[in-house]
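257 is the number of the first residue of the sequence shown in this note's numbering; add one for each residue after it. Heads up, the beta-carbon is just placed ideally off N, CA and C, and yes, glycines get one too. Have a look at the structure below, then the notes.
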Amino acid sequence: MTAEALTRINTEIISGRMMIPMQNREKFDIEALQVFLAIKKHDAVDQYTEKLLNYWNERKYWLQHIANCHLAPPALIRHEGETGAEYLNRCFDAAIQKEGRV
Numbered sequence: 257m258t259a260e261a262l263t264r265i266n267t268e269i270i271s272g273r274m275m276i277p278m279q280n281r282e283k284f285d286i287e288a289l290q291v292f293l294a295i296k297k298h299d300a301v302d303q304y305t306e307k308l309l310n311y312w313n314e315r316k317y318w319l320q321h322i323a324n325c326h327l328a329p330p331a332l333i334r335h336e337g338e339t340g341a342e343y344l345n346r347c348f349d350a351a352i353q354k355e356g357r358v
């Protein structure tokens, strides 16, 4: 993936951060990083990238309009081959780290 494509995707992912309520911004940052890293790892601009960006736009809307969504654990991108239990544990671990309990 070219540097220009990554810059464009990064800009699209972080756009609208200032519209997110302050209490949801840390969750926004965690989830935005997960989406960006998944796209960067995939290393191609294709349907997968577009699906991730569409998913992210839905998440941004939720983070912007649901003031108390910061109470739920971050919705991380599920890794290939990761079981449901492993995924949930990783999401809750991220929430614990976010709150500084580790």
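So, helix, strand or coil for residue i, using DSSP?
i	result
Val358	In this predicted model, Val358 has a pLDDT of only 46, less than 50, meaning its place in the structure is not dependable enough to derive any value.
Met274	helix
Leu332	coil
Gly340	helix
Ala294	helix
Thr258	coil
Ala350	helix
Ala300	coil
Asn280	helix
Asn324	coil
If you draw a straight line from the alpha carbon of residue i to that of residue j, how long is it in whole angstroms?
i	j	result
Ala300	Arg334	18 Å
Asn266	Tyr304	16 Å
His321	Glu268	18 Å
Ala328	Thr258	35 Å
Leu344	Ile295	21 Å
Thr263	Ser271	12 Å
Gln279	Asn324	8 Å
Glu342	Ile352	15 Å
Pro277	Ile286	15 Å
What first and last residue would you give for the alpha helix (DSSP H) that runs through residue i?
i	result
Thr305	303–321
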